[in-house]
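Top line first, the protein sequences correspond to chains A and B. Residue numbering for the first sequence follows the working numbering, beginning at 433 and increasing consecutively. Residue numbering for the second sequence follows the working numbering, beginning at 433 and increasing consecutively.
Protein chains: 2
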Amino acid sequence: MFEELRADLLGGLMEPGQRLKLTVLSSRFGVSQSVVREALTRLAEQGLAVSSPQRGFSVRPLSVADLSDLTRVRVQIESLALRQSFELGDLAWETQVLATHHTLQRTPVTRPDGSVHDAWSTAHREFHRALLAGCGSPHLENIATSLRDGAELYRRWSWMLTDDHLRDLAAEHRLLKDLALDRDADRGVEALAEHIERSTRDLIAYATEHGLDSDSPDPVGTGPVARHGRPREEPGSPSSA
Amino acid sequence: MFEELRADLLGGLMEPGQRLKLTVLSSRFGVSQSVVREALTRLAEQGLAVSSPQRGFSVRPLSVADLSDLTRVRVQIESLALRQSFELGDLAWETQVLATHHTLQRTPVTRPDGSVHDAWSTAHREFHRALLAGCGSPHLENIATSLRDGAELYRRWSWMLTDDHLRDLAAEHRLLKDLALDRDADRGVEALAEHIERSTRDLIAYATEHGLDSDSPDPVGTGPVARHGRPREEPGSPSSA
DNA sequence: ACTCAAGGGATTATCGATAAAATCGCGACC
DNA sequence: GGTCGCGATTTTATCGATAATCCCTTGAGT
Chain A
433 MFEELRADLL GGLMEPGQRL KLTVLSSRFG VSQSVVREAL TRLAEQGLAV SSPQRGFSVR
493 PLSVADLSDL TRVRVQIESL ALRQSFELGD LAWETQVLAT HHTLQRTPVT RPDGSVHDAW
553 STAHREFHRA LLAGCGSPHL ENIATSLRDG AELYRRWSWM LTDDHLRDLA AEHRLLKDLA
613 LDRDADRGVE ALAEHIERST RDLIAYATEH GLDSDSPDPV GTGPVARHGR PREEPGSPSS
673 A
Chain B
433 MFEELRADLL GGLMEPGQRL KLTVLSSRFG VSQSVVREAL TRLAEQGLAV SSPQRGFSVR
493 PLSVADLSDL TRVRVQIESL ALRQSFELGD LAWETQVLAT HHTLQRTPVT RPDGSVHDAW
553 STAHREFHRA LLAGCGSPHL ENIATSLRDG AELYRRWSWM LTDDHLRDLA AEHRLLKDLA
613 LDRDADRGVE ALAEHIERST RDLIAYATEH GLDSDSPDPV GTGPVARHGR PREEPGSPSS
673 A
């Protein structure tokens, strides 16, 4: 149940800032409010949701300032971890990088019906995790994973709104894999930074162009999310049905 | 209540690895098991406790491997943040560094009766937070804080077991403050790294010398913790009453 | 004497309900 | 016509109890 809710959040099913009411979630998953509450508590501690005292929980709001900061920190942390992986990674690490890259390469990005990407997403996460797993530092790895999860939220929106970065993703991953096997730290870090910053650049450009900045009420929600048929019931939108 | 439990954990009142039973905690704090459970969930997500499914919660176990890793990562992260603080910090940052250092300097480390240090601990945390607060990156700041909290657990034990680092703490903090005001990044990072690594070195030396490694049952618990009169009721100790 | 199995006790996880709090809507007042 | 205040409804936070799980002890069997 926790994993389900987490997947929903990461999948971008709920729009940012939307309130997460205990009753609707408990009926939705068929469990009591207690377990929903515990799940939300964990999610909030992870940063995927926010908890307002006496106000309940809501989906973590998105903003270009946060995305910008997140990306910058992510580049720094992942560069650190990648460099250490290149120095300290053993044979098992090399093997894992190769294996996860193969899986990622052979997993289709989108399904034939054009819907979302569930297997590819996990494969993508596994590949990037494997890249950094050689650093030999559990703490550093956890931090990197946590940051990546935070960025995942943005990546889903970037996916829906901009579409000019789909073509060379495979090439970027292949380059990262090759540089890892070659232990070319400098170029590896450079490639990883570019890989991380690319979608951020696109999304920020789109956001500033379309004027949806920090407190966009729902312009992102009018897109592919409406597909899920969830009625917008936020009190912030005066243009009710 | 959450803060109380968190302070107890950080204060080293419970010994590492000890089980945290819901009933005793709920009666201890005079609240229901639900709120204890929520607090433990949050603490577990923060890393201060560990959650075993169907087995409840327990105090985060300590090990030299974990401490070593934690210290290494902490040096890297804090160096990153400090360097950015030195570059980007504004007047407000300088002021905060100066102010928190003054408070820290004027707060006695131990009380006259020789007991623990509650005000000093918060002042210490505030000073280090202020040092890094100029980096202009909320995410990086959060990560650094989280790592510092994790290290706090070890620091308390280091305090009780080794005592050769009490004398020059004030000098180290003053040096850090001066270097911050001078914006001397290289020497600042060097001083901070030394400051972080010092107690770790001492504690690891003590641990390896006294043979209490990863799974020490309670040799650390026989120390100042027994002062709290809490009977050892772990099932792991066969020498029961 | 040791191993294995079943029973009893203790502890955790979940549930439904109650109490507290906040929000929203309606009406009175300025 | 606009604003403030009060009451009703929704929602959260807490509670006590039940059901499920695990650990330890006790006993028989080998």
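Beta carbons are placed, not taken as given, at the ideal position from N, Cα and C, and that holds for glycine.
Measuring straight from C-alpha to C-alpha, what distance separates residue i and residue j?
i: H549 (chain B); j: G449 (chain B); result: 24 Å
i: H560 (chain B); j: I636 (chain A); result: 33 Å
i: G488 (chain A); j: M433 (chain A); result: 19 Å
i: L499 (chain B); j: E558 (chain A); result: 27 Å
i: V738 (chain B); j: A562 (chain B); result: Limits of chain B in this structure are 433 at one end and 673 at the other, which puts residue 738 (chain B) out of reach.
i: S466 (chain A); j: E470 (chain B); result: 10 Å
i: L593 (chain A); j: E584 (chain A); result: 14 Å
i: S553 (chain B); j: V482 (chain B); result: 24 Å
i: S495 (chain B); j: V541 (chain A); result: 42 Å
i: R606 (chain B); j: A623 (chain B); result: 11 Å
i: T632 (chain A); j: G462 (chain B); result: 48 Å
i: E629 (chain A); j: V507 (chain A); result: 8 Å
i: A612 (chain B); j: L442 (chain B); result: 28 Å
i: S464 (chain B); j: E626 (chain B); result: 45 Å
i: K609 (chain A); j: D634 (chain A); result: 24 Å
i: T577 (chain A); j: E435 (chain A); result: 16 Å
i: V468 (chain B); j: L454 (chain B); result: 7 Å
i: I575 (chain A); j: D600 (chain A); result: 27 Å
i: V456 (chain B); j: L480 (chain B); result: 19 Å
i: L452 (chain B); j: S490 (chain B); result: 5 Å
i: T532 (chain A); j: A617 (chain A); result: 20 Å
i: E604 (chain A); j: Q486 (chain B); result: 43 Å
i: H571 (chain A); j: L579 (chain B); result: 9 Å
i: G444 (chain B); j: Y586 (chain B); result: 9 Å
Which word fits residue i, buried or exposed, when buried means at least 16 other C-beta atoms lie within 10 angstroms of its C-beta?
i: H534 (chain B); result: exposed
i: G582 (chain A); result: buried
i: Q537 (chain B); result: exposed
i: T473 (chain B); result: buried
i: M446 (chain A); result: buried
i: A551 (chain B); result: exposed
i: R615 (chain B); result: exposed
i: V642 (chain B); result: According to the sequence as given, residue 642 (chain B) is His; it is not Val. When all chains shown are included, H642 (chain B) counts as exposed.
i: A602 (chain A); result: exposed
i: A439 (chain A); result: exposed
i: L437 (chain A); result: buried
i: S459 (chain B); result: exposed
i: S517 (chain B); result: buried
i: A388 (chain B); result: Because chain B spans 433 through 673 in this model, residue 388 (chain B) falls outside it and cannot be assessed.
i: R543 (chain B); result: exposed
i: S590 (chain B); result: buried
i: V520 (chain B); result: Sequence check: residue 520 (chain B) is Leu here, not Val. The residue in question, L520 (chain B), is exposed, as its Cβ has fewer than 16 Cβ neighbours within 10 Å.
i: A497 (chain B); result: exposed
i: A476 (chain A); result: buried
i: A555 (chain A); result: buried
i: R492 (chain B); result: buried
i: R484 (chain B); result: Looking at the sequence itself, residue 484 (chain B) is Ser, so the reference to Arg does not match. That one is exposed.
i: R588 (chain B); result: buried
i: R619 (chain A); result: exposed
What did DSSP end up calling residue i once you bin it into helix, strand or coil?
i: V482 (chain B); result: strand
i: R451 (chain A); result: strand
i: G620 (chain A); result: helix
i: D595 (chain A); result: coil
i: G566 (chain B); result: helix
i: D581 (chain B); result: helix
i: V463 (chain B); result: coil
i: L445 (chain B); result: coil
i: D600 (chain A); result: coil
i: R615 (chain B); result: coil
i: V652 (chain B); result: The predicted position of V652 (chain B) is uncertain, since its pLDDT is 41 and thus under 50; a value taken from the coordinates is nonetheless stated next. Three-state result, V652 (chain B): coil.
i: S646 (chain A); result: For S646 (chain A), the predicted structure reports a pLDDT of 46, less than 50, and the residue's modelled location is therefore unreliable. A value from the coordinates is still provided. The answer is coil: DSSP assigns S646 (chain A) none of H, G, I, E or B.
Task: Entirely enclosed alpha helix (DSSP H) segments - the region 488-550 of chain A, minimum 4 residues - done: 496-520 and 523-538, all fully within the region 488-550 of chain A.
Open item on the list: When you compare the region 505-518 of chain B with the region 564-572 of chain B, are there three or more beta-carbon pairs, one atom per stretch, that lie closer than 8 Å?
Closed with: Below 8 Å, enough C-beta pairs join the region 505-518 of chain B and the region 564-572 of chain B to call them touching: three or more.
Task: At least 3 beta-carbon pairs within less than 8 Å: the region 500-507 of chain A vs the region 518-527 of chain A - done: The answer is no - the region 518-527 of chain A does not touch the region 500-507 of chain A, with fewer than three Cβ pairs under 8 Å.
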